[in-house]
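Novice:
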Amino acid sequence: MPKGLDLPQGTLDLLILRTLALEPLHGWGITFRLTQLSQGTVEVGHGSLYPALHRLQARGFLRARWRVTDNNRRAKYYELTKAGQKRLDQDADAWRRLAAAISTVLGEA
Amino acid sequence: MWRALMFRLRSLFSRQIRESDLDAELNDHLAQQTAWHVAHGAPPDLARRQARLDLGDLNSLKEQCRDSWTIRWAHDAARDVTYALRVLRKSPGFLVATVVSLTLGIGANAVVFGILNGLLLKPLPIPQPDRLVAVEGIPYTNLSFPNYQDLRDRATNHIALAASRIAPMGLTTGDSSDVAWGYLVTGNYFDVLGVAAWRGRLFTPADDSAIGANRVVVLGFEYWQNHFRADSNIVGRPVRINTSVYTVVGILPPRFYGTERFYRAQLFVPMSMQPEIDGTNQLQSRAAASMYVVGRLRPGVTASQTTAALNVTAADLARLFPRDSAGLSVRINRVGWLGLGTPVSLFARGLMGLGVLVLLAACANLAALLLVRATDRHREIGIRLAIGADRGRIIRQLLTEVAVLTSIGGTCASLFAVAGLSALSRWRAPLTLPIQLDLTADWRVLMFAAAVTGITAALCGLTPSRTAWRLDLVRASRGAEVERVSRRWTLRDLLVLAQVAICCLLLLATAVAVRGLSRALAAPLGMRLDGVDVAGADLAFAKYSRQSGRVEDGRVFQRRVLDEIRQLPGVVAAAYSSGVPLNIDQSSNSVFPEQPADAQGLNATLYAVSPGYFATMGTRLVGGRDFSWTDDAQAPRVAIVNQQFARLVLGQPNAIGSRFRYSRNGAPVTVIGIVEDGKYVSLVEDPRPAVFQCALQNYYSNTDFLVRRADTVASVAQEIRRIIARRNPDVPVYTVGAAADVVDFAFLPVRAATIAIVAFGALAAMLALTGINGVAAYSVSRRTREIGIRVAIGARASQIVRTVLGRVIVLVLLGTTFGMTAGVVLVPLLRGVVYGSASPAIATLATAVIGMLIVGSLAAWVPARRALTIEPVKTLRMD
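Line by line, the protein sequences give chains A and B.
Counted from 1, the first sequence has number 42 at position 42 by our numbering; the numbering is strictly sequential.
Add 1000 to the 1-based position in the second sequence for our numbering, that's all there is to it.
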């Protein structure tokens, strides 16, 4: 497992929502896809992924169901709910503005 | 949001399913991660190990997942409650002691609050009751009708005023007449209250048009149901009231009885009919303060603005009519107590004060018991802390236990209060006046009980938490805490001290009250009522009144009835009077000695009695003579006075032949006889002057026929009723029975206060008993081993008792001292309700102290016995 950046507090949820916006995935698939999408920069601790998934599900942003995978095993797939999509839009927007602000500050410093 | 809630709820109930679900999910993850490592060239067993390492601590991971499933605290709380119940079930003694303490403490307070609520707080069933006020005159609560009219007309911007007057009426149906209790009300009364008719119409200002011109009546709902069998055709039909024909114009809605909290009016007649109903005209004299005035504040106007505006008018009236209205001013008071608001609220507050004392005692008791228990559990808590429990978690557990206990106690207390209050509400005063209070528990009482329970829980929960917080782990797990005997005073000691002091204070109050009651019951009444029967009637109902110009007919009627009563077998003496001492309606008048001419007037209770009254009532004639039938309207005006009157008004004990007046310039009246002092208005009164006029010279339509019969004869009260009905069926008889029962009401305040105080005293004693017992028992059980050793090396019984109970004895003695000191200061406050409480006598103090010591000894007895029966060998084998 390649060593990457630690995630800032609270961004894991955003990344999970973003990943699931493309297609429903199971837990392991999410870590794999995240690493892929960030080209190995972001490393998600496997231990923190599942509590986050359960938390998001409890808050109604995700829905889970058991499905048969491509290689014929049963796995728990997570998908975005309507509320989750909305949350993703809000958080992504907020993040972009924050990131822009931070880079402006850093650029001027 | 809905889905989120469902998810949490589902997981609360289907924990098993979710657990296996989580396991499956994590296993799947491990399998995939292992496959990934294998695909990157790791050997399978190493790959599996690496996959586990990637995931981290599986248990804490699962715990974090679980956290998000459920409403965590609810889950913990449910577990805490279950655990608390299990722990409590294991110590039933503790459970019973605490629940009983709480039930008594909170229940007593809820009952008292229910009384306060019923007397003062519950709004009257009238729209916007908070804007309705009573306008009371000073110094007399009531206002005269002309003054009311002027106040009403000049304060219209601030307040809409209406006047009413309680009046009994004789309602004749067929050939029998009954007393109906009603109101005379001004035409705008119902408008001001905002009450609408249930059937027909209510009064309008047109019903005030001219005196005696509006013979209409409105019926109360309950009276209509009971007396007219809910006949809905009654509206528009005639009924006979005081021999005149009135038309029923409307029926009031259910549960409306007028503006008094204790009086349930049955019918309403326009104020313009007052002279006919009462038999005296109260509408035209500015001096006759006889109207009870209520008003509704205009929107946006405050009570103080209104008082100021009304007093401007009152000052004008006082200036314009100095003879009748000198010094007139008014104040605004709460509606519902006819000017009795102050004593009633004092009574209620006094009760509340006692209630709070009992509650404090109960709290102290509970806190001490919990403290003992927390100390007992040092070891358990120590072990739990040692194996890694969070202190916060343990404190939450202890608090849950307290919450469970107080909830059980609070629930029992609420049930107790609801039952007690509904029993009190059913009680009906043994009076002709329909006095009834609505004390039933409503949501306010339940809220109050809940709030008190919450406060108790918070107060009592602090002590065990504090113990857990400060617990020294090492010593607790060794059980060392347990053996330490502190010389210092602990919180526990102070709690017991407080409890003993409170208990002692209440015991003192109890002793004073009981002594007062027994003295009040034994106090000379100035009459001997055994074997005396009474039948009371108001002749004005049959128009034998000054107003109707039939005074002479009334006198003849009284005399004829009396003559007939005298013929009854077994009658020893008979008489009639305008009233019976200690009955609820006492009238008084100013009296002035003849000399000096500018002497201050004094207030004296007034009766008009027929010859033979004193013999009938068993009142001793100290000097002079009784009235005779020749002391009639043509003879010189005479009176008989009591000894206090002779001393105070006439200035000499033997005042026969002295003269006095009923007003400064009135005709002089000669004293022809002096009788012993008695009680006239209340049992707790100081001796007061009383004057007995001759009924032949002063006519009152209110007539109580009194009979003293031989011991061998049964009550003749019903015979008297028949005689009166035969003579004139329009005269309703409303007081019938033994004279002793009629004056029984006078004993009510003293009885009520005494019962309340005794109940609280008993509660406090019980609480102190359990409290002291708990602490003494604790002390013995903690020191069992020490006692065993002492016994083994030859300690004597007295030494053992001193060792174990020394602290308890000191606490009881100190607490008694504090309680007594407080009592000597506070008990005089009971004066006014309790007879002779001005300063408690030595004997009373001694009674309370002895009572407290008995409670203390009883409480310490069982633990002391246990200490004495400890077998050294067994104790040494302990642990």
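No residue lacks a Cβ here, since even glycine has one placed at the ideal position from N, Cα and C.
How about glycine 1187 of chain B and glutamate 1276 of chain B: are their beta carbons less than 7 Å apart?
Specialist: Not in contact: glycine 1187 of chain B and glutamate 1276 of chain B (Cβ atoms no closer than 7 Å).
Novice: Using a Cβ cut-off of 9 Å, pull out every chain B residue sitting near arginine 55 of chain A, in sequence order please.
Specialist: In chain order: Gln1064, Cys1065, Asp1067, Ser1068.
Novice: Could you say which of A:Thr81, A:Gly47, A:Leu20 lies nearest to glutamate 1063 of chain B if we only look at CA atoms?
Specialist: It is A:Gly47.
Novice: Quick check on the DSSP output: what are the complete alpha helix (DSSP H) runs of length 4 or more inside the region 1093-1131 of chain B, in order along the chain?
Specialist: Complete alpha helix (DSSP H) runs here, min 4: none at all.
Novice: Throw me the rounded Cβ distance for the isoleucine 1332 of chain B and alanine 1535 of chain B pair, which I believe falls under 8 Å.
Specialist: Contact flag wrong, Cβ pair sits at about 41 Å.
Novice: Residues of the region 24-35 of chain A with a CB closer than 9 Å to any CB of chain B: list them in chain order, please.
Specialist: Residues passing the 9 Å Cβ filter: His26, Gly27, Trp28, Gly29, Thr31, Phe32.
Novice: Does the Cβ-Cβ distance between leucine 1562 of chain B and alanine 1574 of chain B come in under 7 Å?
Specialist: Contact: yes.
Novice: Which residues share a DSSP beta bridge with glutamate 1136 of chain B?
Specialist: Answer is B:Arg1331, bridged to glutamate 1136 of chain B.
Novice: Considering only their Cβ atoms, is the gap separating leucine 1310 of chain B from valine 1330 of chain B smaller than 7 Å?
Specialist: Yes, the pair counts as a contact, with Cβ atoms nearer than the cut-off.
Novice: Look up isoleucine 1166 of chain B in the DSSP assignment and give the residues it is bridged to.
Specialist: Paired residue(s): B:Tyr1183.
Novice: Terminal residues of the continuous alpha helix (DSSP H) containing aspartate 1711 of chain B?
Specialist: Careful: aspartate 1711 of chain B lies outside any alpha helix (DSSP H) and carries neither H nor E.
Novice: Let me know if tryptophan 1427 of chain B comes out buried or exposed under the rule of 16 or more other beta-carbons within 10 Å of its beta-carbon.
Specialist: Flag for tryptophan 1427 of chain B reads exposed.
Novice: Say the cut is 6 Å; is the CB of leucine 1606 of chain B nearer than that to a heavy atom of the ligand HEM?
Specialist: Ligands displayed in this structure: none; no statement on the ligand HEM is therefore possible.
Novice: Can you find a CB in chain B that lies within less than 7 Å of the CB of glycine 10 of chain A?
Specialist: By this cut-off, glycine 10 of chain A is not an interface position.
Novice: Can you tell me which of the three DSSP states arginine 1782 of chain B falls into?
Specialist: Of the three classes helix, strand and coil, the one that applies to arginine 1782 of chain B here is helix, per DSSP.
Novice: What in chain A is Cβ-close to glutamate 1019 of chain B, meaning under 7 Å?
Specialist: Going along chain A, no residue has its Cβ under 7 Å from glutamate 1019 of chain B, so there is no contact; the nearest lies around 12 Å.
Novice: Can you pull out the residues from the region 75-94 of chain A whose beta carbon lies closer than 9 Å to at least one beta carbon of chain B?
Specialist: Residues Ala75, Lys76, Thr81, Ala83.
Novice: Sorted by chain position, which residues of the same chain lie with C-beta nearer than 7 Å to glutamate 1483 of chain B's C-beta, five sequence neighbours on each side aside?
Specialist: Because glutamate 1483 of chain B carries a pLDDT of 44, less than 50, the predicted location of this residue cannot be relied on, and the following value inherits that uncertainty. Cβ neighbours of glutamate 1483 of chain B beyond the five flanking positions: none.
Novice: From the DSSP output, in three-state form, read off methionine 1852 of chain B for me.
Specialist: Helix at methionine 1852 of chain B.
Novice: For glycine 1056 of chain B, would you say it is in contact with chain A, using Cβ-to-Cβ distances shorter than 7 Å as the test?
Specialist: Output row for glycine 1056 of chain B: interface = yes.
Novice: Listed in chain order, which residues of the region 40-51 of chain A have Cβ atoms closer than 9 Å to some Cβ of chain B?
Specialist: Correct list: Gly45, His46, Gly47, Ser48, Leu49, Tyr50, Pro51.
Novice: Bridge partners for isoleucine 1159 of chain B per DSSP, in chain order?
Specialist: Bridge partners of isoleucine 1159 of chain B: B:Leu1297.
Novice: Say whether chain B places a C-beta atom closer than 7 Å to the C-beta of aspartate 13 of chain A.
Specialist: No - not a single Cβ of chain B is within 7 Å of the one on aspartate 13 of chain A.
Novice: Determine the DSSP secondary structure at lysine 76 of chain A, reduced to helix, strand or coil.
Specialist: Strand, per DSSP.
Novice: Against chain B, does alanine 101 of chain A count as a neighbour if the rule is that its beta carbon must be under 7 Å from one of theirs?
Specialist: Chain B, which has no Cβ nearer than 7 Å to the Cβ of alanine 101 of chain A, makes this no.
Novice: For the beta strand (DSSP E) containing valine 1638 of chain B, name the first residue and the last one.
Specialist: 1638-1642 is the extent of the beta strand (DSSP E) around valine 1638 of chain B.
Novice: In angstroms with no decimal places, state the Cα-to-Cα distance between leucine 34 of chain A and leucine 20 of chain A.
Specialist: Their Cα atoms are separated by approximately 10 Å.
Novice: Can you tell me the Cα-Cα spacing of aspartate 1530 of chain B and arginine 1708 of chain B, whole angstroms?
Specialist: Going by the C-alpha atoms only, they are around 8 Å apart.
Novice: Residues in the same chain with beta-carbon distance under 8 Å from arginine 1647 of chain B, minus the five sequence neighbours each way, listed in chain order, please.
Specialist: Result list for arginine 1647 of chain B: Pro1653, in chain order.
Novice: Using a Cβ-Cβ distance cut-off of 7 Å, determine whether alanine 58 of chain A contacts chain B.
Specialist: So yes, alanine 58 of chain A belongs to the interface.
Novice: Between glutamine 1032 of chain B and chain A, is the shortest Cβ-Cβ distance under 7 Å, so that the two count as touching?
Specialist: Interface residue, yes.
Novice: Look up valine 1418 of chain B in the DSSP assignment and give the residues it is bridged to.
Specialist: BP columns for valine 1418 of chain B are empty, so no partner.
Novice: Verify the CB distance criterion: does histidine 1029 of chain B have a CB-CB separation below 7 Å to chain A?
Specialist: Histidine 1029 of chain B counts as touching chain A.
Novice: Quick check: valine 1293 of chain B and leucine 1132 of chain B, are their CB atoms within less than 7 Å of each other?
Specialist: No, the Cβ-Cβ distance between valine 1293 of chain B and leucine 1132 of chain B is not below 7 Å.
Novice: Could you name the residues of chain A that leucine 1026 of chain B contacts, counting a contact when the two beta carbons are closer than 9 Å?
Specialist: The contacting residues are Gly27, Tyr50.
Novice: Taking 7 Å as the CB-CB limit, is leucine 1061 of chain B close to chain A?
Specialist: With 7 Å as the cut-off, leucine 1061 of chain B counts as an interface residue toward chain A.
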